[in-house]
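Asks:
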Amino acid sequence: MQGNQAKTLLAGAGFACFLAMNSFSLWGFTLLPQTTLGAEGVTWWSVPLAYSNALAFLLFALGAYKAPALFSRNPLFAAVILIALALILLSGHLVLDAPLMLAVAGTCMGLGTTCCFFCWARAFREDGITAAKFEIVLGSVLSAVPFLAFLTLDPSALVFTLSLLAFCNLLALFFRGRIDAPEDTSIGNIEPLRSVLSRSWKAFLCIGMIGLMAPVIAALTQEPLDAAGFTQQALMVHSENICAAAILGIAWFGLKRKMDISTSFTLLFPILATALLLFSFIGENARIIVPYVGGVSFVVISMVVTIESVSDSIERNTNLTVVYGLNAGLLYCANQAGAVLTDILGKNLLLEGTSIIGVMFALLYGCSIVLFFITRKSTHKNGARDGANQDEMPEIDTVDIACRELIEQHGFSERQAEVLTYLAHGYDIPTIAKKLFLSENTVRTHAKKVYAALDVHSKQEIIELVNAPRT
């Protein structure tokens, strides 16, 4: 128990350093390019960093199909090399004033950041869904602490602060893997890409829409955002992490809700729609709330993407690199596409009254289309699934009621609940595997977890347990 607590606290603190480092490298240098990296700091540092970070997710996912043994391993060593090289080249640029060196440093930093994302996803998978949710919420809240310390520093110490955060992040990843349980080195089942797209297209629509609209919304209020001081902008950026963590913390731990990607989009849609519709009716200084809502929505989806990828990898025994690479890659690539779209339209066009209204309605229309597809299709699918379940499973009886009580009592996952129900009705492992379209090894893994939670050792004991008299 103490080992688990230590691992959770270490993961939360380390993830906080990583989030602060990520915000620091992607956003801090964009805000102060002239004082730290020169007049062209954004072009030579931020742009290569952002593009390499986003594209590397898809590179990992596609690489897992071609070379699973290489791309499915823990990329911690690659993260150390890339981040160290980025900081060395960044320091060299400050001495030699070499823009090309700065561009290479930004590219290495983006690739290293992506490697860290995968390292943390693997860490969350090893710790389990419940612990992972707590670690993400804790890390998001604590991420403001190192950044507040950064606010007290002179701009000349920015590189040192970034280096310290990177070092603490990598150190936490290293020692977290040395506590208690050994690292899970299994690759998992690599699901065909067509099957992934067929199963997850609704989630991909939600991810792409949120990623695309976040930078466009920010461009609508560029003037009041630029007018805010450095402290106000810093607090705004990091309070987005805290606000998103509070929302998900209440949903996960307070309301005991399973927030998947489609559900999160459905809940965020009315908030985004209200903010966009109120944009034309509020004062210019108050319009800064619109990009804030967009930023919180982006952070919420990014957290849910991580948890959903880990959960899907555990329950389906699928390859985490593929699942997380596709989900996160789509999110960050869509975000970069939104930034490019904003640049193409031009700031002057976006800041005109008529153009702003047009952009807002285009965003609302896009969100409405996505919402229509995910709600309509999911309703139809649920109806079909209910009909299939009526054919496959017996009518509701005392066994089903007892199973539901056990599921709620022990907090079983969806797959574990299905396996428990089938076992309670007397089905064997091969039959359950066929009914759930899973491998027998995956079903056995879920069954072992059910046995351990219920403190039983066989299917017969489960049958006796659910048929025992209940008070």
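Quick note: the sequence shown uses our numbering, first residue 7, plus one each step. Every residue gets a Cβ at the ideal spot worked out from N, C-alpha and C, and that includes glycine.
1. Just checking, does the region 206-225 make contact with the region 327-340 on the three C-beta pairs under 8 angstroms criterion?
2. Out of F66, C121, E46 and L117, state which residue places its alpha-carbon closest to the alpha-carbon of L82.
3. Contact check, S268 vs I307 under 8 angstroms by CB: the rounded distance?
4. Between M309 and chain C, is any beta-carbon pair separated by less than 9 angstroms?
5. May I have the straight-line CA-CA distance separating H244 from V305, to the nearest angstrom?
6. Roughly how many angstroms lie between the CA atoms of S286 and I362, to the nearest whole one?
7. Relative to the alpha-carbon of F443, which residue among V405, V425 and G335 has its alpha-carbon at the smallest distance?
8. How close, in whole Å, do the beta carbons of A224 and G331 come, if the pair is a contact with beta carbons under 8 angstroms?
9. I think L369 touches L460, with their Cβ atoms under 8 angstroms apart; what is that distance to the nearest whole Å?
10. Given this structure, state the Cα-to-Cα distance separating I438 from P475, to the nearest angstrom.
11. Can Y71 and V328 be called in contact, C-beta distance under 9 angstroms?
12. Just reading off the alpha helix (DSSP H) that F304 is part of, what are its end residues?
13. Under 9 angstroms between the Cβ atoms of L351 and V365?
14. Are G112 and V165 closer than 9 angstroms when you measure CB to CB?
15. Using 9 angstroms as the threshold, is the C-beta distance between G255 and V143 below it?
16. Give the DSSP-derived three-state secondary structure of N59 in the structure shown.
17. Going by DSSP, which residues form a beta bridge with N341?
18. Going by beta carbon distance, what residues of the same chain come within less than 6 angstroms of L261, once the five residues before and after it are set aside?
19. Bridge partners of N195, per DSSP?
20. Suppose the cutoff is 7 angstroms on Cβ atoms and the five residues either side in sequence are ignored; what does the same chain contact list for C125 look like?
21. Given this structure, state the Cα-to-Cα distance separating L64 from W51, to the nearest angstrom.
22. Given this structure, state the Cα-to-Cα distance separating G389 from S149, to the nearest angstrom.
23. Within this structure, are the beta carbons of N486 and T448 separated by less than 9 angstroms?
Replies: In terms of the structure at hand:
1. yes
2. On the sequence shown, residue 82 is found 76 positions in, with the first residue counted as 1. Among F66, C121, E46 and L117, the Cα nearest to that of L82 is on C121.
3. Position 262 of the sequence shown, counting from 1, holds the residue named residue 268. Position 301 of the sequence shown, counting from 1, holds the residue named residue 307. Not confirmed; about 11 angstroms, so no contact.
4. The structure shown contains no chain C; it holds only a single protein chain.
5. For the purposes of this step, residue 244 is taken as the residue at position 238 of the sequence shown. For the purposes of this step, residue 305 is taken as the residue at position 299 of the sequence shown. About 10 angstroms.
6. For the purposes of this step, residue 286 is taken as the residue at position 280 of the sequence shown. For the purposes of this step, residue 362 is taken as the residue at position 356 of the sequence shown. Spanning the two alpha carbons is a distance of roughly 9 angstroms.
7. Looking up residue 443 in the sequence shown gives position 437. From the listed residues V405, V425 and G335, the smallest Cα separation to F443 is found for V425.
8. Walking along the sequence shown from the start, residue 224 turns up at place 218. Walking along the sequence shown from the start, residue 331 turns up at place 325. With 8 angstroms as the limit, A224 and G331 do not qualify as a contact, their Cβ atoms being about 26 angstroms apart.
9. Your numbering for residue 369 matches position 363 in the sequence shown. Your numbering for residue 460 matches position 454 in the sequence shown. Actually they do not touch by this definition, with Cβ atoms about 49 angstroms apart.
10. Position 432 of the sequence shown, counted from the start, is the residue given in the question as residue 438. Position 469 of the sequence shown, counted from the start, is the residue given in the question as residue 475. Cα to Cα, the separation comes out at about 26 angstroms.
11. Locating residue 71 in the sequence shown gives position 65, counting from the first residue. Locating residue 328 in the sequence shown gives position 322, counting from the first residue. Result yes, Cβ atoms of Y71 and V328 sit closer than 9 angstroms.
12. The sequence position of residue 304 within the sequence shown is 298, counting from 1. Start and end: I295 to R322.
13. Taking the first residue of the sequence shown as 1, we reach residue 351 at position 345. Taking the first residue of the sequence shown as 1, we reach residue 365 at position 359. Yes, these two residues count as a Cβ contact at 9 angstroms.
14. Along the sequence shown, read from residue 1 onward, the residue named residue 112 stands at position 106. Along the sequence shown, read from residue 1 onward, the residue named residue 165 stands at position 159. Cβ atoms of G112 and V165: not closer than 9 angstroms.
15. Counting from 1 along the sequence shown, the entry for residue 255 is found at position 249. Counting from 1 along the sequence shown, the entry for residue 143 is found at position 137. In this structure, V143 lies closer than 9 angstroms to G255 by Cβ.
16. What you label residue 59 is simply residue 53 of the sequence shown in a count that begins at 1. N59 falls in the helix class under three-state DSSP.
17. Here residue 341 refers to the residue found at position 335 of the sequence shown. None; N341 has no bridge partner.
18. Translated into positions along the sequence shown, residue 261 becomes position 255. Around L261: no qualifying Cβ.
19. Translated into the one-based positions of the sequence shown, residue 195 becomes position 189. N195 is bridged to T324.
20. Counted from its first residue, the sequence shown places residue 125 at position 119. Closer than 7 angstroms at Cβ, skipping near neighbours: N80, P81, L82, A85 and L179.
21. Taking the first residue of the sequence shown as 1, we reach residue 64 at position 58. Taking the first residue of the sequence shown as 1, we reach residue 51 at position 45. Whole-angstrom Cα-Cα distance: 21 angstroms.
22. Within the sequence shown, the letter at position 383 stands for residue 389. Within the sequence shown, the letter at position 143 stands for residue 149. Unreliable positioning characterises G389 in this predicted model, as indicated by a pLDDT of 47, which lies under 50. A coordinate reading is not provided.
23. Nothing in the structure corresponds to residue 486, since the chain is present only between 7 and 477.
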